[in-house]
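Enquirer:
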Amino acid sequence: MPAQCRVVVGCAVQLAKADGFRVIADAAAKDERLVKDLGADVVLPRGTEFPELVNAAS
Numbered sequence: 007m008p009a010q011c012r013v014v015v016g017c018a019v020q021l022a023k024a025d026g027f028r029v030i031a032d033a034a035a036k037d038e039r040l041v042k043d044l045g046a047d048v049v050l051p052r053g054t055e056f057p058e059l060v061n062a063a064s
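In our numbering, the protein residues as written are 7 to 64.
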């Protein structure tokens with residue numbers, strides 16, 4: 007993940023968490039750990055089934 011994306015994702019996740027939201031994110035397999043480390047509660051694989059996976063994780 008490019009550095010600029012890490013900054014944006016990190017800020018978005020941290021702001022959401024600070025406001026008390028549960029964060030469900032998507033990421034490429036190679037970036038799952040990074041997104042989780044940035045604070046996402048649930049990290050789902052990217053793909054066309056993402057909406058269904060979000061519903062199942064909610």
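Even for Gly, the Cβ is constructed at its ideal location relative to N, Cα and C.
Excluding the 5 residues flanking A33 on each side, which residues of the same chain have their C-beta closer than 7 Å to its C-beta?
Expert: Excluding positions up to five away in sequence, the list reads V41, V49 and R52.
Enquirer: Taking the alpha carbon of F56 as the reference point, which residue from R12, A31 and F27 has its own alpha carbon closest?
Expert: Per the Cα distances, A31.
Enquirer: Quick one: Cα of D47 to Cα of Q20, how far?
Expert: Rounded to whole angstroms, D47 to Q20 spans 11 Å at the Cα level.
Enquirer: May I ask you to list the residues that DSSP assigns as paired with P51?
Expert: A33.
Enquirer: If you check the beta carbons only, do K23 and V14 fall under 8 Å apart?
Expert: Not closer than 8 Å, so no.
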